[in-house]
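Novice:
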Amino acid sequence: MDEKQDNQVPQMSPVEEEEEMEFSHTDKLVGVFSEPAVTFEKLKKTGPKTSDWLIPILIVIVAAVLSNVIMMSNPAIKLSIIEKQMAQIEKNFDEAVQSGQMTEEQKEAQLEQIRERMDQGGSTTIIFTAISIVFITFITFFIVAGVYFLVCKFLLKGDGTFKDTMAAYGLPYYIIVIQIIAMVIIALVTNKFITSTSLAAILEIDKSKFLYFLLSRVDVFSIWFYAVVSIVLAKMFNAENTGKYFATIFGLWIGVGFIFWWLAANVPFLGFLQQ
């Protein structure tokens with residue numbers, strides 16, 4: 001009986017075993033940029049690995065931390081950040097003075113103390129920034145991957161697993177690494193602290209304006225990223241129609257982005273959603 005069960009276990013042919021061994025992480029990385037559809041058709045057959053999403057995320061975290069260090073090392077960029085933060089803090093303090101919560105003297109004293117702390121902020125600021133980047137990146141990844149899995153599985157009726165989704169969403173993170181590099185170059189050229197490569201960020205459009213939301217979607221790297229995600233999710237969920245994946249993924253990007261923008265623009269304590 002045991003011999004019969006052993007015979008029923010599917011065995012990989014020598015060719016299949018060789019193909020699986022040859023399909024390295026480097027091959028997948030290159031495939032994301034050159035042939036995402038072909039690469040993920042092969043990945044669906046060989047099966048995704050934890051490294052398919054973990055390595056790209058770790059590289060994005062390192063790139064994001066380094067980009068902050070580089071930009072904050074530029075005196076002009078650092079000064080522009082401090083001035084923007086101080087302007088917002090002073091605006092809040094002015095409202096507190098008008099409502100009688102503090103006096104003008106208290107406002108000036110606190111502003112001076114805050115500016116001194118900002119000017120002296122060095123390694124401590126970098127450490128806290130790095131920690132926040134780690135937590136935000138991982139939390140965002142799992143939340144978005146979870147949403148994509150539910151949408152692809154139940155709305156689009158695809159045939160895939162959460163592990164497939166993590167690989168499909170994680171490997172395209174290498175595009176974000178390129179985006180971060182471009183962002184740093186733009187920041188150093190313009191002497192501005194840039195948080196994205198969209199037209200809205202580059203032109204410094206007022207975040208409360210609807211024009212900001214519109215131009216925030218005009219981003220070559222983001223469009224490239226979501227296009228690849230759409231293609232690879234379709235492949236990992238064995239979809240015949242890639243078009244509905246494009247419509248769904250881009251619809252989520254635009255729709256959720258609009259909701260976040262509206263909340264940040266209209267609800268004071270949710271302004272961090274557009275930071």
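Residue numbers (UniProt numbering): 1 to 275.
We treat Cβ as the ideally placed atom computed from N, Cα and C, and that holds for glycine.
None of these values were measured; they are calculated from a predicted model.
Could you spell out where the alpha helix (DSSP H) holding Ser34 opens and where it closes?
Specialist: Element bounds for Ser34: His25 to Ser34.
Novice: Start and end of the alpha helix (DSSP H) containing Gly146?
Specialist: Unbroken alpha helix (DSSP H) run through Gly146: Ser123 to Leu150.
Novice: Mind the definition here: the stretch 55-75 touches the stretch 249-263 only if three or more C-beta pairs lie below 8 Å; say whether that holds.
Specialist: With a cut-off of 8 Å, the stretch 249-263 and the stretch 55-75 do not count as touching, because too few Cβ pairs lie within range.
Novice: Rounded C-beta distance between Leu156 and Tyr245? I'm assuming under 8 Å.
Specialist: Indeed, because the Cβ distance is near 7 Å, the residues count as touching under 8 Å.
Novice: Can we say the stretch 132-152 touches the stretch 188-207, given the rule of at least three CB pairs closer than 8 Å?
Specialist: Too few Cβ pairs lie closer than 8 Å, so no.
Novice: Would you check if the distance between the CB atom of Phe237 and the CB atom of Cys152 is smaller than 8 Å?
Specialist: Contact flag set, yes.
Novice: Just the Cα atoms here: how many angstroms apart are Asn68 and Lys163?
Specialist: Answer to the nearest angstrom: the Cα atoms are 31 Å apart.
Novice: Rounded to the nearest angstrom, what separates Ser123 and Lys78 at their Cα positions?
Specialist: Straight-line Cα distance between these residues: approximately 14 Å.
Novice: Who are the near neighbours of Met72 in its chain, counting only those whose CB is closer than 6 Å to its CB and skipping five residues on each side?
Specialist: Hits under 6 Å: Lys78.
Novice: For Gly243, count the other beta carbons within 10 Å of its own beta carbon; 16 or more makes it buried, fewer makes it exposed. Which is it?
Specialist: Looking at its Cβ environment, which holds fewer than 16 other Cβ atoms inside 10 Å, Gly243 is exposed.
Novice: Taking 8 Å as the threshold, find out whether the stretch 166-175 comes into contact with the stretch 29-44 through three or more Cβ pairs.
Specialist: Yes, the stretch 166-175 touches the stretch 29-44.
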